[in-house]
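Have a look at the structure below before the remarks.
Residue numbers (the numbering used here): 18 to 81.
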């Protein structure tokens, strides 16, 4: 789960792309720019949110 769900700059929903982006770009061998293109994330601000995001949910709330 990505927190925040929306882009800080433009307000677009970016959280819906997080899981696939993380699986393909961060944990896989694919180029992050190509993954974002395929997911349809075009705005620079939204792309920055996904590329620079650090998952802290497991650190902040370790219990489910």
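Note that CB positions come from ideal geometry on N, CA and C, so glycine has one too. These numbers come from a predicted model, not from an experiment.
Would you please state the rounded distance, in angstroms, between the beta carbons of residue i and residue j? I believe it to be under 8 angstroms.
i	j	result
residue 31	residue 67	6 angstroms
residue 64	residue 29	At roughly 11 angstroms, the Cβ-Cβ gap does not stay under 8 angstroms, so residue 64 and residue 29 are not in contact.
By Cβ distance, which residues of its chain are closer than 7 angstroms to residue i, with the 5 residues on each side in sequence left out?
i	result
residue 62	24, 26 and 27
residue 47	41
residue 34	56, 58 and 67
Only counting the same chain, and skipping five residues up and downstream in sequence, which positions put a Cβ closer than 6 angstroms to that of residue i?
i	result
residue 50	none
State the DSSP-derived secondary structure class of residue i, mapped to helix, strand or coil.
i	result
residue 52	helix
residue 60	coil
residue 30	strand
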